[in-house]
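**Student:** Numbering (the working numbering), first residue to last: 2 to 144. Beta carbons: idealized from backbone N, C-alpha and C, even for Gly.
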């Protein structure tokens, strides 16, 4: 028997807009920093790949956790892989920044914009899923 968790209300339009803005600012800020950085192309590629991997892993983890809360079956292996992927992206970023020949302020800039983008991606995914679920609940109530 599946049990469904009912969320009392969805996020406000202002909050949804703010989360999209944070996702855009975090991602654009990270990419702008890479564009202007005086580092080799392979280093830029490393950090770009970490951003893409981290965003995907964070969204996948949010979906996995939400599915589990809503009673949708999620395999333990996939659940572990999601947590591992987010942890690995953060570990690889920390390792790359630790060994980078950048100013401390630049390292902090990359770290903060990366974490902002990951957090915003999770929140945007949550808001999108809430809106989708709310639309399904409203349409089923009309039938």
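Considering only the alpha carbon of each residue, which of 72, 63, 100 and 49 lies closest to residue 81?
**Tutor:** As a first step, residue 81 must be located in the chain shown, where it is residue number 80. Cα-wise, what sits closest to residue 81 is 63.
**Student:** Short of 6 Å in beta carbon distance, which residues of its chain neighbour residue 124, apart from the five on each side in sequence? Order them along the chain.
**Tutor:** Indexing the chain shown from 1 puts residue 124 at position 123. Around residue 124: 20.
**Student:** Where residue 132 and residue 18 are concerned, what is the direct C-alpha to C-alpha distance, given to the nearest angstrom?
**Tutor:** The residue labelled residue 132 in the question sits at position 131 within the chain shown. The residue labelled residue 18 in the question sits at position 17 within the chain shown. About 13 Å.
**Student:** At the level of alpha carbons, what is the spacing between residue 97 and residue 60?
**Tutor:** Start at 1 with the first residue of the chain shown, and residue 97 comes out as number 96. Start at 1 with the first residue of the chain shown, and residue 60 comes out as number 59. Approximately 22 Å, taken between the alpha carbons.
**Student:** Using the C-alpha atoms, what's the distance from residue 44 back to residue 26?
**Tutor:** Within the chain shown, numbered from 1, the residue matching residue 26 stands at position 25. Within the chain shown, numbered from 1, the residue matching residue 44 stands at position 43. Computed Cα separation, rounded: 22 Å.
**Student:** Check each candidate in 90, 110 and 129 and name the one with the smallest Cα separation from residue 53.
**Tutor:** Counted from its first residue, the chain shown places residue 53 at position 52. When each option's Cα is compared against that of residue 53, the closest is 90.
**Student:** Which whole runs of the beta strand (DSSP E) in the stretch 48 to 100 are 3 residues long or more, in chain order?
**Tutor:** Entirely contained in the stretch 48 to 100, not one beta strand (DSSP E) run reaches 3 residues.
**Student:** Starting from residue 102, follow the alpha helix (DSSP H) in both directions and report where the run begins and ends.
**Tutor:** The residue labelled residue 102 in the question sits at position 101 within the chain shown. Residue 102 -> no alpha helix (DSSP H), and no H or E assigned at all.
**Student:** Quick one, are the C-beta atoms of residue 34 and residue 111 less than 7 Å apart?
**Tutor:** Within the chain shown, residue 34 is the residue found at index 33, counting from 1. Within the chain shown, residue 111 is the residue found at index 110, counting from 1. Contact flag set, yes.
**Student:** In chain order, what residues of the same chain lie with their CB nearer than 7 Å to the CB of residue 1, ignoring the 5 residues before and after it?
**Tutor:** Only positions 2 to 144 of the chain appear in the structure, and residue 1 is not among them; the question remains open.
**Student:** Can you name, in chain order, every residue of its own chain whose Cβ lies under 6 Å from the Cβ of residue 12, other than the five neighbours on each side?
**Tutor:** Sequence index remark: in the chain shown, residue 12 carries index 11 (1-based). Counting only Cβ-Cβ distances below 6 Å, and skipping sequence neighbours, we find 128.
**Student:** Comparing the C-beta of residue 74 with each C-beta of chain B, is any distance below 7 Å?
**Tutor:** No chain B is present in this structure, which holds just one protein chain.
**Student:** Could you give the first and the last residue of the continuous alpha helix (DSSP H) run that contains residue 22?
**Tutor:** Position 21 of the chain shown, counting from 1, holds the residue named residue 22. Here the alpha helix (DSSP H) through residue 22 covers 14 to 37.
**Student:** Hey, residue 106 and residue 30: beta-carbon distance below 7 Å or not?
**Tutor:** Sequence index remark: in the chain shown, residue 106 carries index 105 (1-based). Sequence index remark: in the chain shown, residue 30 carries index 29 (1-based). No, they are not a contact pair.
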